[in-house]
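*Asks:* Residue -3 in the working numbering sits at position 14 of the sequence shown; the count goes up by one each step and never skips.
Positions of the beta carbon are idealized from the N, C-alpha and C atoms, including for glycine.
Encoded as structure tokens, here's the structure I'll be asking about.
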Amino acid sequence: MSNIRITKQFSFETGHALYGYDGKCKNVHGHSYKLSVTVIGSPITDRSNVKYGMVIDFTDLKKIVKEEIVDQFDHATVFNATTPHIELANELMTRGHHVILVDYQPTSENMVVDFSQRIINRLPQGITLFSLKLQETESSFAEWFACDNVKSIL
-16 MSNIRITKQF SFETGHALYG YDGKCKNVHG HSYKLSVTVI GSPITDRSNV
34 KYGMVIDFTD LKKIVKEEIV DQFDHATVFN ATTPHIELAN ELMTRGHHVI
84 LVDYQPTSEN MVVDFSQRII NRLPQGITLF SLKLQETESS FAEWFACDNV
134 KSIL
């Protein structure tokens, strides 16, 4: 049976600031992120299965990504908890703002790595995360590919 890639796209709004950065992104600002999630697998061949012919039901993939990423990051502000931004984060949280603290600089590059692990941990057996594309502006995005992240075994 052939391996097939399927992709589902998501949108969410998230704010962040890059501590120590030498440009405008050092200021708190937000993006209308677009996330494309591509998984790979073989379509189900069991004719008695209600999902016959599917790699994964788009609804099942949507549930995973929605719970792990969209519901958590939408309308949140992300700060690196290992920097002085923790003070700003704490102040915002005391005022009822939705803040996410991470242990990395919240760039698109680092966020897409974080998202890959969140999704991989939830995929059913036989389905593999193939790639992610996290677009933060119309012309800027970060991509993660499984084939680029295979650990060498010596």
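Would you call the stretch 80 to 91 and the stretch 54 to 70 in contact, with 3 or more CB pairs under 8 angstroms?
*Replies:* The answer is yes - the stretch 54 to 70 touches the stretch 80 to 91, with three or more Cβ pairs under 8 angstroms.
*Asks:* List the residues that DSSP assigns as beta-bridge partners of Thr77.
*Replies:* BP columns for Thr77 are empty, so no partner.
*Asks:* Can you name the start and end residues of the alpha helix (DSSP H) that Thr42 belongs to?
*Replies:* Taken as a continuous stretch (DSSP letters only), the alpha helix (DSSP H) holding Thr42 covers Phe41 to Val48.
*Asks:* Using a Cβ-Cβ cut-off of 7 angstroms (strictly less than) and excluding sequence neighbours within five positions of Phe189, which residues of its own chain qualify?
*Replies:* No information on residue 189 is available, as it lies outside the stretch -16 to 137 that the chain covers here.
*Asks:* Using C-beta distances below 6 angstroms, list every residue in its chain close to Val38, excluding the 5 sequence neighbours before and after it, in chain order.
*Replies:* The residues are Ile(-13), Ile(-11), Gly24 and Pro26.
*Asks:* Decide if Met76 is buried, meaning its Cβ has at least 16 other Cβ atoms within 10 Å, or exposed.
*Replies:* With fewer than 16 Cβ atoms within 10 Å of its Cβ, Met76 is classed as exposed.
*Asks:* Taking 8 angstroms as the threshold, find out whether the stretch 35 to 55 comes into contact with the stretch 98 to 108 through three or more Cβ pairs.
*Replies:* Output reads yes: the stretch 98 to 108 touches the stretch 35 to 55.
*Asks:* Under 8 angstroms by Cβ, that's how I've got Lys116 and Glu126 pegged, so tell me the actual separation to the nearest angstrom.
*Replies:* That pair is a contact at about 5 angstroms.
*Asks:* Tell me, which residues are paired with Asn63 by DSSP?
*Replies:* In DSSP, Asn63 forms a bridge with Val85.
*Asks:* Counting along the chain, where does the alpha helix (DSSP H) carrying Glu138 start and finish?
*Replies:* No answer is possible for residue 138: it lies beyond the span of the chain, which begins at -16 and ends at 137.
*Asks:* By how many angstroms is the C-alpha of Ile110 removed from the C-alpha of Ser173?
*Replies:* Summary: the structure shown does not reach residue 173, with the chain confined to residues -16 through 137, and so no result is reported for it.
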